[in-house]
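The opening position of the sequence shown corresponds to residue 1 in this note's numbering, with each subsequent residue numbered one higher.
These notes concern the structure reproduced below.
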Amino acid sequence: MSGAARIEDFGHGSVYLPFCDPLGEYRWNDRPEELPRGVESLWIYGGAGRTLSRQTLTGHWKTCLAVFRQFGADGRVEDVSLRLLGPVTQPVSQDTPHGLEIIAARLFPEYAIPLLGLRPSEISDLNPDWPQHLLRADEHLRRLAESGAAAETIAEALLGLISHQIETIAPVASGMFAALQAIREHNGQMEINALTKFADMSARTLRRTSTDRIGLSPKAYARYVRHQRLVQTAMRYETPDWAGLAYDFGFSDQAHMARDVKAMSGLTPAALHRQRTRICSSDSYSRFIA
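Spelled out as structure tokens, the structure:
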């Protein structure tokens, strides 16, 4: 990309990413009060000059609007692409190219149709280009990424785009939205009968509405939420109490939890934990927990 500026030539935007994973590769903000409606978290992974560890993408039901940037050895942007990151139904172990950076906003699944015009299930295990209506809405974002602007500056522009789109086209929250929010607030541990009270609809209607809107039943969605919350919680500890976590997350026993994690990630809980924390120090854990 001839004539592109170096990333260090630009200052940072006002976006604040207070959390960092133990490996120091992934930064994010998931504080609801600091994000637009419909956005679960804002995150940045990798960057110029970074060599990232091999990672396993475990099962989740999330959709992200992402900006990919590939940096060369001289710190200049070589390539930019705008992609959707779909839900993961099959665990994938992957290496990340040296110098790759991903800047992304993770959407709540119920906002995929109003914002993207598709169900999360339509792009599961895929990373397609952004829908055309979003590409037309902000070519500025691509130009900003190509210019070498700081990741935080691009993240701020991405949130601005989403906020504008959501306020323009998103529907008023429904009973189904309330049920999915309740699942998240309870870490995936809610029975369908309890969810019907939040949704103010029958179990059959709730299942049909959820499947129509996000491509998944509430029960299946709850399983993905529980898995992700379990993995995130375990990462807060150098030596997790697996039996205690199994109890806290509603599994019948530790073996039940291990089978579920293996189905979602292809790894045992301990192996997945080692992969995601293997080179961290005590200081790294302090930054992650803060």
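Just so it is clear, CB atoms sit at the ideal spot from N, CA and C, and this is done for glycine as well.
The alpha helix (DSSP H) spanning E101 covers which residue range? Along the sequence shown, one-based indexing puts residue 101 at 101. No alpha helix (DSSP H) holds E101; the beta strand (DSSP E) holding it covers L100 to L107.
Quick one, are the C-beta atoms of H273 and A234 less than 8 Å apart? Position 273 of the sequence shown holds residue 273. Position 234 of the sequence shown holds residue 234. It is a contact, given that the beta carbons lie within the stated cut-off.
My output table needs one value for H12: the three-state DSSP class, helix, strand or coil. Locating residue 12 in the sequence shown gives position 12, counting from the first residue. With a pLDDT of 41 at H12, under the threshold of 50, the modelled position of that residue is not reliable, and the figure given next carries that caveat. Here H12 sits in coil by DSSP.
Give the DSSP bridge partners of G46, in chain order. Taking the first residue of the sequence shown as position 1, residue 46 is located at position 46. DSSP output for G46 lists E101 as bridge partner(s).
Just mark P32 as buried or exposed, buried being the case when its beta carbon has 16 or more other beta carbons within 10 Å. For the purposes of this step, residue 32 is identified with residue 32 of the sequence shown, where counting begins at 1. By the 10 Å Cβ count, P32 comes out exposed.
Given this structure, state the Cα-to-Cα distance separating L23 from I102, to the nearest angstrom. Counted from its first residue, the sequence shown places residue 23 at position 23. Counted from its first residue, the sequence shown places residue 102 at position 102. The alpha-carbon atoms of L23 and I102 are separated by roughly 16 Å.
Have a look at A263 and L35 and give me their C-alpha separation to the nearest angstrom. For the purposes of this step, residue 263 is identified with residue 263 of the sequence shown, where counting begins at 1. For the purposes of this step, residue 35 is identified with residue 35 of the sequence shown, where counting begins at 1. Taking the straight line from one Cα to the other gives about 32 Å.
Can you give the Cα-Cα distance for L82 and I166, rounded to whole angstroms? In the sequence shown, counting from the first residue as 1, residue 82 sits at position 82. In the sequence shown, counting from the first residue as 1, residue 166 sits at position 166. About 18 Å.
Just how far apart, CA to CA, sit R213 and L116? As a first step, residue 213 is located in the sequence shown; it is residue number 213 there, counting from the start. As a first step, residue 116 is located in the sequence shown; it is residue number 116 there, counting from the start. Spanning the alpha carbons of R213 and L116 requires a straight line of approximately 12 Å.
What is the rounded straight-line gap between the Cα of F71 and the Cα of R204? Here the question's residue 71 lines up with position 71 in the sequence shown. Here the question's residue 204 lines up with position 204 in the sequence shown. The alpha-carbon of F71 is positioned some 50 Å away from that of R204.
Kindly list the residues whose CB is nearer than 8 Å to the CB of L118, restricted to its own chain and excluding five residues on each side of it in sequence; keep chain order. On the sequence shown, position 118 is the one that residue 118 refers to. Contacts found: A112 and P131.
Can you tell me whether R37 is buried or exposed? The criterion is at least 16 other CB atoms within 10 Å of its CB, across all chains shown. Residue 37 sits at position 37 when you count from the first residue of the sequence shown. When all chains shown are included, R37 counts as exposed.
Residues bridged to Q70 by DSSP? Within the sequence shown, residue 70 is the residue found at index 70, counting from 1. Bridge partners of Q70: D79 and L100.
Work out the CA separation of L17 and Y26 for me, nearest whole Å. Residue mapping note: residue 26 aligns to position 26 of the sequence shown, counting from 1. Residue mapping note: residue 17 aligns to position 17 of the sequence shown, counting from 1. Put simply, the backbone Cα of Y26 is about 10 Å away from that of L17.
Under 8 Å, do H227 and G59 count as touching if we go by C-beta distance? On the sequence shown, residue 227 is found 227 positions in, with the first residue counted as 1. On the sequence shown, residue 59 is found 59 positions in, with the first residue counted as 1. Yes. Within cutoff.
Flag this pair as yes or no: are the beta carbons of A157 and H140 separated by less than 8 Å? Residue numbering aside, residue 157 sits at position 157 when the sequence shown is read from its first letter. Residue numbering aside, residue 140 sits at position 140 when the sequence shown is read from its first letter. Their beta carbons are under 8 Å apart, which means A157 touches H140 by this criterion.
Would you identify the three-state DSSP class for A112, choosing helix, strand or coil? For the purposes of this step, residue 112 is identified with residue 112 of the sequence shown, where counting begins at 1. In the structure shown, A112 sits in a helix (DSSP, three-state: H, G or I).
Does DSSP put D125 in a helix, a strand or coil? Sequence index remark: in the sequence shown, residue 125 carries index 125 (1-based). Here D125 sits in coil by DSSP.
Beta bridge counterpart(s) of L245 as assigned by DSSP: Mapped onto the sequence shown, residue 245 falls at position 245. Answer is none; L245 lacks a bridge partner.
Nearest candidate by alpha-carbon position, reference V92, set L126, L65, L107 and C64: Position 92 of the sequence shown, counted from the first residue, corresponds to residue 92. Measuring from the Cα of V92, the nearest candidate turns out to be L126.
Terminal residues of the beta strand (DSSP E) in which L118 lies: Mapped onto the sequence shown, residue 118 falls at position 118. Per DSSP, L118 belongs to no beta strand (DSSP E) and is neither H nor E.
Buried or exposed: which applies to G244, given that a residue is buried once 16 or more other Cβ atoms fall within 10 Å of its Cβ? For the purposes of this step, residue 244 is taken as the residue at position 244 of the sequence shown. With a threshold of 16 other beta carbon atoms within 10 Å, G244 falls short and is exposed.
Taking the alpha carbon of A150 as the reference point, which residue from R106, I44, C20 and I169 has its own alpha carbon closest? Taking the sequence shown and counting its residues from 1, the one referred to as residue 150 is at position 150. Of R106, I44, C20 and I169, the residue nearest in Cα terms is I44.
Which parts of the region 148–215 are runs of the beta strand (DSSP E), unbroken and 3 residues or longer, counting only runs that do not cross its ends? Listed in chain order, nothing qualifies, since the region 148–215 has no complete beta strand (DSSP E) run of 3 or more residues.
Residue range of the beta strand (DSSP E) that R27 falls in? By one-based count along the sequence shown, residue 27 stands at place 27. Where R27 is concerned, the enclosing beta strand (DSSP E) stretches over Y26 to N29.
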